[in-house]
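Residue numbers (my numbering), protein chains in the order written: chain L, 1 to 210; chain B, 1001 to 1210.
Data block below; observations after.
There are 2 protein chains.
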Amino acid sequence: MPPVTTDLDTETRILEAAHRVFVRRGVAAARTQEIADEAGVNKALLHYYFRSKQKLADAVFVQSASRLFPQLLGALASDLPLREKLQAAIDAEIDALEASPFLPGYILCELRADPARLSDLLHAAVPVEQIRTTVFASLQRQIDAEVEAGRLRPVEPQVLLVSLISQLIFPHAASHMLQLAAGLDEDAQRQLTEWRRRELAGFILRGFAP
Amino acid sequence: MPPVTTDLDTETRILEAAHRVFVRRGVAAARTQEIADEAGVNKALLHYYFRSKQKLADAVFVQSASRLFPQLLGALASDLPLREKLQAAIDAEIDALEASPFLPGYILCELRADPARLSDLLHAAVPVEQIRTTVFASLQRQIDAEVEAGRLRPVEPQVLLVSLISQLIFPHAASHMLQLAAGLDEDAQRQLTEWRRRELAGFILRGFAP
DNA sequence: AATATATTTAACCACCCGGTTAACTCAACC
DNA sequence: GGTTGAGTTAACCGGGTGGTTAAATATATT
């Protein structure tokens, strides 16, 4: 038998190179040659390991998305008290984003190009539905309790969630746009990240206070 | 002299077709043939009016961006009192977004693919810098006054601005992602837009209150 | 009507890109 | 040492795409 479990090497090298090139250029504009070069292999190897550019892109997308979503949803599905839960979600997401800051932009763009296909793809890889209902149910319960205690105004979980996600992800996904429209250089953006880590949970809770 | 000011017809028809196709597919994945078909003209006409696909994409981008940014920055540069200013910005932006909901996603994606070129392009078309400094200065003044009056905690204008822009633009730019991750259908998203129009200004001011 | 210029078209081309093929290498196993 | 089969490569191919050209048509000016 030839090397069976050995040599994940080349395959992952290709996958990582593809990841870099796809994230850098977008799938449509990416050239298989560039991926091959960056992986240090021949173009035909891409076809050998993955059957086509499309399949390769699929693999990269699934891998990326399952890096970005689970942390956030996981933290939100936990049974921490509301403030600590928000803080956990913020910390988890900021950490994930600092590890791969261009991921949200990439996912956003690819999702826009072909929502249906990628949605199927992700659902096959991650039990999104299930996590989601858990998140909503637990969040709803906590909000109700806070409303009862007079510390929060009535608000649907979606509203809170979207406000949180927007402020967490958008500044990364749109860093170029912010630089262009608001003139924020890298340093200013790092400062903003720090602010979010320290203040965002409190900001949101105050915002939804009665 | 041949038709000089007449027949903006064909040119704008091409521009609008290009707009639709670019926004739908993204520039890299868009085919000139599809644009020509959608404009009801021959492919060569694209080259006649605009010199190349690239130039056409540039024109579309500039047009799009100068539809999306000025409203927001204009409202923010006005001399309304803080709360009314925020509300004006929110109304302006939501109106602009309802007219062309896919614009932010498009701009985001194109900006990601080639930030430097598109930044130059926009700066040549819109006096971004100038508007921006006005916005920041006026905002800083108002925040200082509110802090003095004990109605706001000290906060840099950028922080407030990014929080506002994130919550305004992200839900549109990432509508597919939100549908995927948070399960928000079109109706839920419309509801969220309504919430933002009614509540976002108050939400932000409460969030930054002492 | 004649002319000049602006539009518009059909047909064409050169190149790029994803994908394929067939041959070569090399380690494992008999 | 010969066989096997995964891993790897150079070379090639066909289709698609952006771009070009030259001819045809419309429109305004004289």
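We put the beta carbon where it would ideally sit given N, CA and C, even for glycine.
Just to check my reading of the structure: residue i and residue j have Cβ atoms closer than 8 Å, yes? What is that Cβ distance to the nearest angstrom?
{"i": "B/Ser1021", "j": "B/Glu1034", "result": "It is worth fixing the name first, because residue 1021 of chain B is Val in this sequence and not Ser. Confirmed, Cβ separation roughly 5 Å."}
{"i": "B/Ala1209", "j": "B/Leu1152", "result": "6 Å"}
{"i": "L/Val126", "j": "L/Ser66", "result": "5 Å"}
{"i": "L/Ala182", "j": "B/Gln1158", "result": "6 Å"}
{"i": "B/Leu1205", "j": "B/Arg1083", "result": "6 Å"}
{"i": "L/Lys53", "j": "L/Thr32", "result": "6 Å"}
{"i": "B/Gly1211", "j": "L/Phe203", "result": "As displayed, chain B neither begins before 1001 nor continues past 1210, which places residue 1211 of chain B out of reach and without an answer."}
{"i": "B/Leu1015", "j": "B/Ala1059", "result": "6 Å"}
Does residue i come within less than 8 Å of chain L when only Cβ atoms are used?
{"i": "B/Ser1100", "result": "no"}
{"i": "B/Ile1236", "result": "The structure shown does not extend to residue 1236 of chain B, since chain B is modelled only from 1001 through 1210, so no value can be given for it."}
{"i": "B/Asp1007", "result": "Reliability of the predicted coordinates at B/Asp1007 is poor, the pLDDT of 42 falling under 50, and the value obtained from them is presented with this limitation in mind. No, B/Asp1007 does not count as interfacial toward chain L."}
{"i": "B/Met1001", "result": "Annotation note: pLDDT 28 at B/Met1001 (below 50); position unreliable, no value reported."}
{"i": "B/Ile1094", "result": "no"}
{"i": "B/Val1004", "result": "Low confidence applies to B/Val1004: its pLDDT is 32, below 50, so where it sits in the model is not reliable, and the reading given next is rough at best. Cβ-Cβ to chain L under 8 Å: no for B/Val1004."}
{"i": "B/Ala1188", "result": "yes"}
{"i": "B/Arg1013", "result": "no"}
Give the residues of chain L in contact with residue i, contact being defined as C-beta atoms less than 9 Å apart.
{"i": "B/Ile1169", "result": "Ser166, Phe170, Ala174 and Met177"}
Comparing the C-beta of residue i with each C-beta of chain B, is any distance below 8 Å?
{"i": "L/Arg20", "result": "no"}
{"i": "L/Pro115", "result": "yes"}
{"i": "L/Ala57", "result": "no"}
{"i": "L/Gly26", "result": "yes"}
{"i": "L/Gln130", "result": "no"}
{"i": "L/Phe69", "result": "yes"}
{"i": "L/Gly183", "result": "yes"}
{"i": "L/Gly74", "result": "no"}
{"i": "L/Phe203", "result": "yes"}
{"i": "L/Ser64", "result": "no"}
{"i": "L/Leu111", "result": "yes"}
{"i": "L/Ser119", "result": "yes"}
Going along chain B, which residues have a C-beta under 8 Å from residue i?
{"i": "L/Leu192", "result": "Gln1158, Val1159 and Val1162"}
{"i": "L/Ile107", "result": "Met1177"}
So with CB distances below 8 Å, who are the chain L contacts of residue i?
{"i": "B/Leu1122", "result": "Leu180"}
Note down, in chain order, every chain B residue with its Cβ under 7 Å from the Cβ of residue i.
{"i": "L/Arg206", "result": "Arg1206, Gly1207 and Ala1209"}
{"i": "L/Ala29", "result": "Ala1028 and Ala1113"}
Q | Runs of beta strand (DSSP E) lying entirely within the segment 1097–1172 of chain B, each at least 3 residues, in chain order | A | none
Q | Meets three-Cβ-pair contact criterion under 8 Å: the segment 125–140 of chain L and the segment 1126–1136 of chain B | A | no
Q) Any contact of the segment 1075–1089 of chain B with the segment 1029–1046 of chain B, i.e. 3+ C-beta pairs under 8 Å? A) With the rule of 3 Cβ pairs closer than 8 Å, the segment 1075–1089 of chain B does not count as touching the segment 1029–1046 of chain B.
Q. Do the segment 1168–1178 of chain B and the segment 167–177 of chain L make contact, defined as three or more Cβ pairs closer than 8 Å?
A. yes
Q) Contact between the segment 1093–1111 of chain B and the segment 1063–1082 of chain B: three or more CB pairs below 8 Å? A) The segment 1093–1111 of chain B vs the segment 1063–1082 of chain B: in contact.
Q: Ignoring anything shorter than 4 residues or poking outside the segment 23–105 of chain L, list the alpha helix (DSSP H) runs there in chain order.
A: Correct list: 32–39, 43–49, 53–77 and 82–99.
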